[in-house]
Amino acid sequence: MIFEHWIYSTAIAIIAGMVYYKFTGRDYSWIIIGSAYVPDLDFIADRIFKKIGITVLIYGNPIEHGDFHNIAVLLLFAVSAALLLQIVGIRHVDSFIFAGIGFGAHLFEDALVFNPGYRFFFGHYQPRNLVSGL
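This note's numbering numbers the first residue of the sequence shown as 1 and each following residue consecutively.
Have a look at this one:
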């Protein structure tokens, strides 16, 4: 899936970058490509937290793949990216939009081709063992 996310996010970055450049004269399409990989950081998040001595539970379970694939984390990441990229001179709105597009592209692609048991809307619990796969 890593290669597919790269191709999909690059295609979206080209289109969004061209449109945004036409209106603003700025092109931050690289943020989309980088942000497309952020939802998959849940692969290593639990390992990193355990090495530090922190236990993070989501609905009573350790972090597993798919826990960062939701809209709440999208908003949290987009705000964090906007605050961090301000340091290098990128406007909040620009980085928020492009980080959100990249993260959202990942969610959309996974919704098309991957596990239907992801909790895209964080507040609505979907037990993984009860998802029929339809």
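Even glycine gets a Cβ: it sits at the ideal position worked out from N, Cα and C.
Host alpha helix (DSSP H) of residue i (start-end)
| i | result |
| --- | --- |
| V79 | I71 to L85 |
| F114 | Counting along the chain, F114 falls outside any alpha helix (DSSP H), and DSSP gives it neither H nor E. |
| G89 | G89 -> no alpha helix (DSSP H), and no H or E assigned at all. |
Residue from the options whose Cα sits closest to the Cα of residue i
| i | options | result |
| --- | --- | --- |
| D27 | F98, A105 and G104 | F98 |
| H65 | D110, A82, S9 and F3 | D110 |
Separation of residue j from residue i, as counted between CA atoms
| i | j | result |
| --- | --- | --- |
| Q86 | W30 | 15 Å |
| D94 | G100 | 10 Å |
| H124 | A13 | Low local confidence applies: a pLDDT of 48 at H124 is under 50, so the model's placement there is unreliable, and no value is given. |
| I33 | S9 | 5 Å |
| V76 | D40 | For the sequence presented, residue 76 should be read as Leu rather than Val. Cα to Cα, L76 sits roughly 15 Å from D40. |
| G17 | A72 | 25 Å |
| L74 | F49 | 20 Å |
| L84 | R91 | 10 Å |
| V38 | Y21 | 24 Å |
| E4 | T55 | 31 Å |
| T24 | D42 | 34 Å |
Beta-carbon spacing of residue i, residue j below 9 Å
| i | j | result |
| --- | --- | --- |
| G102 | A11 | no |
| A105 | F96 | no |
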